[in-house]
Structures are given as C-alpha cells and as structure tokens.
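A.B. asks: Just so you know, the sequence shown maps onto residues 0 to 99 in numbering that gives the first Met the number 0.
Virtual Cβ for every residue (Gly too), placed ideally from N, Cα, C.
I have a structure here, written as structure tokens, and I will follow up with some questions on it.
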Amino acid sequence: MHELSGRVRASEQDAAAARVLAGAADRDVTAFHDELRDFRQATAASFNALREDFVDLRTHVDQGFTEMRGKFDATAAGQQHIVDLIQALIADQGRSDPVT
Numbered sequence: 000m001h002e003l004s005g006r007v008r009a010s011e012q013d014a015a016a017a018r019v020l021a022g023a024a025d026r027d028v029t030a031f032h033d034e035l036r037d038f039r040q041a042t043a044a045s046f047n048a049l050r051e052d053f054v055d056l057r058t059h060v061d062q063g064f065t066e067m068r069g070k071f072d073a074t075a076a077g078q079q080h081i082v083d084l085i086q087a088l089i090a091d092q093g094r095s096d097p098v099t
C-alpha cells in the first residue's frame with residue numbers, strides 16, 4: 000500500500016510538472032502570436048506608407064511631364080514662328096531682286 004501511495008504521489012507531481020510546462024508553452028505560443036500580430040501590423044503600415052509615397056511620386060512625375068509637354072509645345076510654336084518669318088523674308092527677297 001505504501002508503494003501505491005508513493006506511485007500516486009509521483010504521478011501527481013508528474014501531472015503538476017506537466018501542467019506547469021503546458022502553461023509555459025501556452026504563454027510562449029501567446030507571446031509568439033502577439034509578436035507575429037505586431038509584426039504583421041507593422042509590415043502592413045510600412046506597405047501602406049510605401050504605397051502613399053509611390054502615389055505621391057507618380058503624381059509629381061505626371062505633373063512634371065505635363066509641365067514639360069507645355070514647354071515643348073511653346074518651343075515648337077516659337078520655332079514655327081521663326082520658320083514663318085524666315086520664309087516671309089525669303090519670299091520678300093525673291094520679289095525685290097531684279098530679274099536678270
């Protein structure tokens with residue numbers, strides 16, 4: 000009987016130790032879950048900030064292209080005006096030269 004009591008007591012101690020280990024493992028899993036959640040939130044926030052930066056950059060580039068297109072159009076109009084003036088000069092010189 001004494002041996003049976005000792006075995007029961009040892010089993011109770013083993014069960015208590017198993018509960019302690021299971022509790023520690025549960026806390027470890029909970030801590031890991033919390034860290035993973037925090038990492039996922041930080042990653043999502045980083046991607047959202049990066050997306051906003053790219054949207055801002057694209058808007059800035061689009062505005063730059065629009066501005067350059069306007070300047071190119073103005074330059075082309077100025078060049079066409081110069082061509083028109085040169086052609087008018089050539090036409091006037093052709094009329095004022097005596098025929099030989």
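From S95 to I81, what distance separates their C-alpha atoms?
C.D. replies: About 21 Å.
A.B. asks: What span of residues does the alpha helix (DSSP H) with M67 cover, start to end?
C.D. replies: Per DSSP, M67 belongs to the alpha helix (DSSP H) from 1 to 95.
A.B. asks: Grab me the residues of T29's own chain with a C-beta within less than 7 Å of its C-beta, minus the 5 sequence neighbours each way, in chain order.
C.D. replies: None.
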